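Residue numbers (this note's numbering), protein chains in the order written: chain G, 21 to 314; chain E, 623 to 893.
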């Protein structure tokens, strides 16, 4: 069974001047323990897709949703708001772009870690939380976990906060981790370390990952498979290596060209918008969507 | 002999924080020639933004001299210096006044520095927008109605409005996604050529400056550890820290992966 399966998902936001269509029927799946990247520019619909998976948009009155979102075989639209809430922070968790602003500045790390652990184990006390948190922080190579737990987020560096976020996101052993541009707010060196660490951790926990990014270079060493998304449509999907060796869709090629090269091949000319970007989805052989009844 | 446009001689900056002395910039010397693009690269805490702030006159250096066209820059800058040295910041949303239209923000720069005839300034703002690839009628819009890339173009237009000579670009593309980044870099390269501008390009991501900088200066903990022509810094970096910075860059092509592999092996051989 796939951890996540999305089929023909459409999304629109209803406003004063009619409905704005954001997703035009996207399909994707993530197998158990698989790391899948969703790559596209700002406004492509990658972050709203993550919010739908988390169940955050379903209850919004202005959203128009259709299609199937299935998490571990359960249709999310058939769950109540309460049941969806129960999944967040336990079976699925999320890592955000800027770690320092997604941690609460007025509580020490321990308090926030305790809150996370209580989502899965309401009876856990502060002493128990401390023991588990220390182990989790040691796993993400924080050398003095006890001191980190007593610190406030602003006393730690961006890289440390990012590691705390990773440890928290994996603390309840979720089956799905959603990582929305993790580390883009940090130095490239720290970002590279963070990605290596995240990869190690999800491999150990066997966690499935939906990795969201605008930079194809960043996903190359992290993801097993890639979906490229453009204006709410999937442009290309396939295994990571094949996508880099043989990018078929004009938009994928533009995204690849845009990544600055350390070998220096001049500044690329990239078309702002092109009809070619709307070409039908390119599916690499054997990497289509699984069939089957909803 | 002609003077370099900008020259730093033995410049240091010490901050006092909680009774401790922090040497943010430590005995740094370098020149920027007229028409050149010099990249200043380093991680957070390397002193790169402190250097920019001293050049802009936001605060004075503790020691050393900063000279512009051969004359030492005073701690308090006069209008002419402020006109000649301009800044483009990382986040255009916070560097443009949200309550002002784009046109009014550009107009302010023209008014402060008394550029051109008063009557022609409104029209000039439109031309400035067109020079950075935006429609002239964006004048009437507030910053909130523009995308990140468009806002960064406005910030660039404003830096150009007063016929600046040196533009300090402080992470001008790191808040943008890669496609927009590529287009803004292209614009910066074109403007430099057509207007004969000089750039000081500050970034933590070495790959961004590979195609735009003539030379690269690498900073670590306030010290200048390596400076040289861009190609040689990337292909044969002499300092381990530079190798580490290059190796951290995400790569997409086989040639890049090979270069990174070679640098990693060099690093191991030196260790």
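Glycine included, C-beta positions come from ideal geometry on N, C-alpha and C. Bear in mind that the values here come from a model prediction, so they are computed numbers and not experimental data.
Measuring only the C-alpha atoms, how far is residue i from residue j?
i, j, result
"residue 166/G", "residue 674/E", "38 Å"
"residue 21/G", "residue 94/G", "11 Å"
"residue 842/E", "residue 664/E", "6 Å"
"residue 691/E", "residue 50/G", "60 Å"
"residue 885/E", "residue 45/G", "44 Å"
"residue 134/G", "residue 233/G", "30 Å"
"residue 310/G", "residue 70/G", "20 Å"
"residue 804/E", "residue 144/G", "50 Å"
"residue 314/G", "residue 92/G", "Interpretation of residue 314/G is limited by its pLDDT of 42, a score under 50 that renders its predicted location unreliable; the figure taken from the coordinates is listed afterwards. Each residue's Cα considered, the two are about 12 Å apart."
"residue 253/G", "residue 229/G", "20 Å"
"residue 774/E", "residue 794/E", "7 Å"
"residue 786/E", "residue 705/E", "6 Å"
"residue 708/E", "residue 827/E", "22 Å"
"residue 299/G", "residue 270/G", "8 Å"
"residue 297/G", "residue 112/G", "32 Å"
"residue 200/G", "residue 160/G", "19 Å"
"residue 634/E", "residue 778/E", "29 Å"
"residue 77/G", "residue 48/G", "18 Å"
"residue 714/E", "residue 148/G", "46 Å"
Within its chain, find whatever has a CB closer than 8 Å to the CB of residue i; leave out the 5 residues flanking it on each side and keep chain order.
i, result
"residue 273/G", "267"
"residue 292/G", "none"
"residue 763/E", "723, 724"
"residue 652/E", "629, 630, 660, 839, 846, 849"
Can you find the residues in the same chain that come closer than 6 Å, C-beta to C-beta, to residue i, ignoring five residues on each side of it along the sequence?
i, result
"residue 909/E", "With chain E represented from 623 up to 893, any question about residue 909/E goes unanswered, as that position is not in the structure."
"residue 114/G", "198"
"residue 248/G", "59, 255, 256, 272"
"residue 644/E", "637"
"residue 776/E", "724"
"residue 694/E", "687"
Just to make sure I have the definition right: I need the residues of chain G whose C-beta is within less than 7 Å of the C-beta of residue i. Which are they?
i, result
"residue 853/E", "284"
"residue 856/E", "282, 284"
"residue 693/E", "Per Cβ cutoff of 7 Å: no residues; residue 693/E is ~34 Å from chain G at best."
"residue 826/E", "207, 208"
"residue 829/E", "280, 281, 282"
"residue 881/E", "282, 283"
By the criterion of Cβ-Cβ separation under 9 Å, what are the contact partners of residue i in chain G?
i, result
"residue 872/E", "208, 211, 212, 215, 235, 236, 237, 238, 239, 240, 241, 279"
"residue 808/E", "287, 288, 289, 290"
"residue 811/E", "287"
With DSSP as the reference, please indicate the residues paired to residue i in a beta bridge.
i, result
"residue 49/G", "25/G"
"residue 708/E", "789/E"
"residue 231/G", "57/G, 199/G"
"residue 41/G", "32/G"
"residue 249/G", "254/G"
"residue 631/E", "687/E"
"residue 84/G", "32/G"
"residue 637/E", "644/E"
"residue 838/E", "661/E, 850/E"
"residue 653/E", "629/E"
"residue 302/G", "256/G"
Skipping 5 residues on each side, what residues in its chain have a beta carbon closer than 7 Å to that of residue i?
i, result
"residue 681/E", "675"
"residue 118/G", "205"
"residue 719/E", "727"
"residue 869/E", "882, 885, 886"
"residue 731/E", "780, 783, 784"
"residue 624/E", "none"
"residue 158/G", "165"
"residue 193/G", "225"
Nearer than 7 Å: is that true of the beta carbon of residue i relative to any heavy atom of the ligand GTP?
i, result
"residue 242/G", "The ligand content of the structure shown is nil, which means the ligand GTP is not present either."
For residue i, which residues in chain G fall below 8 Å Cβ to Cβ?
i, result
"residue 710/E", "What residue 710/E touches in chain G: nothing, since even the nearest Cβ is about 17 Å away."
"residue 805/E", "290, 292"
"residue 665/E", "207, 209, 210"
"residue 878/E", "281, 282, 283"
"residue 868/E", "282"
"residue 832/E", "280, 281, 282, 283, 284"
"residue 770/E", "62"
Any Cβ of chain B within less than 8 Å of the Cβ of residue i?
i, result
"residue 116/G", "Considering every chain present, this structure includes no chain B. Its protein chains are G and E."
Give the interface partners of residue i over in chain E, defined as CB-CB distance under 7 Å, in chain order.
i, result
"residue 264/G", "874"
Interface residues of chain E around residue i at Cβ under 9 Å?
i, result
"residue 276/G", "874, 875"
"residue 61/G", "799, 800, 801, 802"
- Write down every uninterrupted run of the beta strand (DSSP E) in the segment 87-167 of chain G whose length is 3 residues or greater and which is fully enclosed by it, in chain order. The DSSP assignment places 112-115 as complete runs of the beta strand (DSSP E) inside the segment 87-167 of chain G, in order along the chain (cut-off: 3 residues).
- Message: My parser needs the alpha helix (DSSP H) runs of 4 or more residues fully inside the segment 686-757 of chain E; what are they?
- Response: Scanning the segment 686-757 of chain E from its first residue to its last, the whole alpha helix (DSSP H) runs of 4-plus residues come out as 701-706, 714-717, 724-734, 743-753.
- Query: What are the uninterrupted segments assigned as beta strand (DSSP E) that are 3 or more residues long and contained completely in the segment 766-835 of chain E, given in chain order?
  - Reply: Listed in chain order, the complete beta strand (DSSP E) runs (minimum 3 residues) inside the segment 766-835 of chain E are 788-792, 820-825.
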